[in-house]
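> Residue numbers (the numbering used here): 556 to 747. Even glycine gets a Cβ: it sits at the ideal position worked out from N, Cα and C.
1) In the DSSP assignment, the alpha helix (DSSP H) including residue 674 goes from what residue to what residue?
2) Roughly how many angstroms separate the alpha carbons of residue 567 and residue 583, rounded to a whole number?
3) Answer with buried or exposed for residue 672, where buried requires no fewer than 16 other C-beta atoms within 10 angstroms of its C-beta.
4) So for residue 630, helix, strand or coil by DSSP?
5) So, with DSSP's three-state summary, where would you put residue 747?
6) Identify the continuous alpha helix (DSSP H) that holds residue 614 and give its terminal residues.
7) To the nearest angstrom, how far is the alpha carbon of residue 726 from that of residue 679?
8) Which whole-angstrom value describes the C-beta separation of residue 615 and residue 603, a residue pair presumed to lie in contact below a C-beta threshold of 8 Å?
9) Sort 657, 706, 717, 718 by Cα distance to residue 559 and report the nearest one.
10) Examine the Cβ distances between the segment 578 to 595 and the segment 723 to 743 and report whether three or more of them are shorter than 8 Å.
11) Which whole-angstrom value describes the C-beta separation of residue 660 and residue 587, a residue pair presumed to lie in contact below a C-beta threshold of 8 Å?
12) Helix, strand or coil for residue 740? Go by DSSP, reduced to three states.
13) So what's residue 729 in DSSP terms, helix, strand or just coil?
14) Tell me which same chain residues have a C-beta within less than 7 Å of the C-beta of residue 719, skipping the five on either side of it?
15) Nearest by alpha-carbon distance to residue 716: which of 683, 599, 598, 626 is it?
16) Using only CA atoms, which one of 734, 667, 674 lies nearest to residue 572?
17) Quick one: is residue 743 buried, meaning 16 or more other Cβ sit within 10 Å of its Cβ, or exposed?
18) Taking DSSP as the reference, what is the three-state secondary structure of residue 598?
19) DSSP state of residue 705, grouped into three classes?
Right, here's the structure in full:
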């Protein structure tokens, strides 16, 4: 797999993970909400039937009517407000796993992104250091070749550095040869 494909995958992967996480979090919250609503409705029905066992047929009919209501009919229903109840009075024990899952998901995702960025920067820094050392070795006359096993975003730069260094060596050798010819010509002209 080429380095460009790896870069694309590293760019797309975090978004895919975030999208999957958002869908999982939404599904988890929906499941938790349904479970809490069912448990609360079940506890309310149980309490009513414990106080008035003869009201079971009316309760089940009312529950069936409630179940057939649309979301628009339920939204904004403040019937219990006239008796002094508020929405906060009915949700006092919020399950901790409802909050912990998104927090843990966020922390794991943030750590994964941080690790990916750290590893990418470390790899780039090493590659830049290798290219810098290569140029320093050439400047002191060591003249060694930097061999890269696979293509990356710095391969083109490395090729251009190699071409430039090779051209500079050729230019220097040509200049040295021209200087020697000039010296010989000068000596011949002086002796004549």
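Well, looking at it:
1) For residue 674, the uninterrupted alpha helix (DSSP H) run begins and ends at 651 to 694, by DSSP.
2) If you draw a straight line from the Cα of residue 567 to the Cα of residue 583, it is about 24 Å long.
3) Burial call: exposed.
4) DSSP places residue 630 in coil when its eight states are reduced to three.
5) It is coil, neither helix nor strand.
6) Its alpha helix (DSSP H) spans residues 611 to 622.
7) Rounded to the nearest angstrom, the two C-alpha atoms are 32 Å apart.
8) No, residue 615 and residue 603 are not in contact; Cβ-Cβ is about 11 Å, not under 8 Å.
9) It is 706 whose Cα lies nearest to the Cα of residue 559.
10) The segment 578 to 595 vs the segment 723 to 743: no contact.
11) At roughly 14 Å, the Cβ-Cβ gap does not stay under 8 Å, so residue 660 and residue 587 are not in contact.
12) In the structure shown, residue 740 sits in a helix (DSSP, three-state: H, G or I).
13) Residue state, collapsed to three classes: helix.
14) Nothing meets the Cβ criterion.
15) Among 683, 599, 598, 626, the Cα nearest to that of residue 716 belongs to 683.
16) Answer by Cα proximity: 667.
17) The residue in question, residue 743, is exposed, as its Cβ has fewer than 16 Cβ neighbours within 10 Å.
18) In this structure, residue 598 counts as helix in the three-state DSSP scheme.
19) Here residue 705 sits in coil by DSSP.
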